[in-house]
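S.K.: Sharing a structure below in structure tokens format, with a few things to ask.
Quick look at the structure:
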């Protein structure tokens, strides 16, 4: 069974050049960004509409032209409103260099001693131009692509540093670390067992190692949904992915995603996506597949 994962482990680009590009609009099956994490850095650039991002326990309201820098390993999610945005995901090791002038910043970022301020607003015009040129190079892959992208990443970091948007990393206190680890365990369990009908609040709390009442409150604070609302939402997202990427029937997909009642699945899907599963599949195949996350 092929699924998208909370802890994304799929390869980005190629082993020689690990960078990937995603274009997300309302036709994309992952238009709303699920809570997940990966070891690579991610840059999100808003082209139109509004996007509310959450990184760990902090929310960022974004508008057209804004750029978001997500450090590797951070839990992050996002809510789109009439939004079109682009992402690139890349391994910071792409920027390994022996140049002494660049080493302090790059090593600080790698070792989480320093960090890029996550929200880089559209008012920072140098950052905006650098981000847009970088994303264009990744998207279009012209002749000289690798050099243009590497140069673009260095240029973007230079603009970020010049704008004063590098800071000492916030210390992560033991309690916050334990909470993040608990949430990651719960998300991983949902990922592995979403197709099971017996996925319960008590089971998730046990996996997280927390009291069910506290777990429910904490989970909702971090994801904006109760655990079971999140399970249902995740199942719908998995179903949307399958509807757009496989030839399974609606009934088969419903059962594969943990729904034992087809009518309930169709109602739930329409509530979340605004169309029936069948119409979603038709619409997606009409528009053609964008770069999928």
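In the UniProt record's numbering, the protein residues as written are 1 to 293. Quick reminder that beta carbons are idealized off the backbone N, C-alpha and C, glycines included. Model, not experiment: these values are computed from the prediction.
What are the boundary residues of the alpha helix (DSSP H) that residue 139 is part of?
M.R.: Segment 125 to 140, the alpha helix (DSSP H) holding residue 139.
S.K.: Nearest CA to the CA of residue 43: which residue from 57, 62, 203 and 27?
M.R.: When each option's Cα is compared against that of residue 43, the closest is 62.
S.K.: Please list, in chain order, all residues of the same chain as residue 240 whose beta carbon is under 6 Å from its beta carbon, the five residues on each side excluded.
M.R.: Cβ neighbours of residue 240 beyond the five flanking positions: 29.
S.K.: Give the DSSP bridge partners of residue 79, in chain order.
M.R.: For residue 79, which the question treats as bridged, DSSP gives the partners 52.
S.K.: Nearest-angstrom Cα distance between residue 77 and residue 36?
M.R.: Answer to the nearest angstrom: the Cα atoms are 7 Å apart.
S.K.: Assuming residue 46 and residue 66 are in contact, meaning their beta carbons sit under 8 Å apart, how far apart are those beta carbons, in whole angstroms?
M.R.: Contact flag correct, Cβ pair sits at about 5 Å.
S.K.: Out of 182, 185, 104 and 205, point me to the one whose CA is closest to residue 157's CA.
M.R.: Among 182, 185, 104 and 205, the Cα nearest to that of residue 157 is on 104.
S.K.: CB-CB under 8 Å to residue 102, same chain, minus the five flanking residues each way: which ones, in chain order?
M.R.: Counting only Cβ-Cβ distances below 8 Å, and skipping sequence neighbours, we find 95 and 154.
S.K.: Whose C-alpha, out of 151, 54 and 64, is nearest the C-alpha of residue 74?
M.R.: Out of 151, 54 and 64, 54 has the C-alpha closest to the C-alpha of residue 74.
S.K.: With distances taken from CA atoms, which of 226, 217 and 258 is nearest residue 237?
M.R.: It is 258.
S.K.: Which residues bound the beta strand (DSSP E) around residue 36?
M.R.: Residues 33 to 36.
S.K.: Nearest by alpha-carbon distance to residue 170: which of 250, 81, 263 and 114 is it?
M.R.: The shortest C-alpha separation from residue 170 is found at 114.
S.K.: Using 8 Å as the cut-off, can you tell me whether the segment 135 to 144 makes contact with the segment 162 to 182, which would need three or more C-beta pairs spanning the two stretches below that distance?
M.R.: With the cut-off at 8 Å, the segment 135 to 144 and the segment 162 to 182 do not touch.
S.K.: Does the count of Cβ pairs from the segment 212 to 231 and the segment 183 to 199 closer than 8 Å reach three?
M.R.: Yes, the segment 212 to 231 is in contact with the segment 183 to 199.
S.K.: Using the C-alpha atoms, what's the distance from residue 150 back to residue 228?
M.R.: Between residue 228 and residue 150, the C-alpha separation is close to 43 Å.
S.K.: Report the residue from 219, 254 and 162 whose alpha carbon sits nearest the alpha carbon of residue 57.
M.R.: Residue 219 is the option with its Cα nearest to residue 57.
S.K.: Locate the alpha helix (DSSP H) running through residue 223, then write down its first and last residues.
M.R.: 212 to 223 is the extent of the alpha helix (DSSP H) around residue 223.
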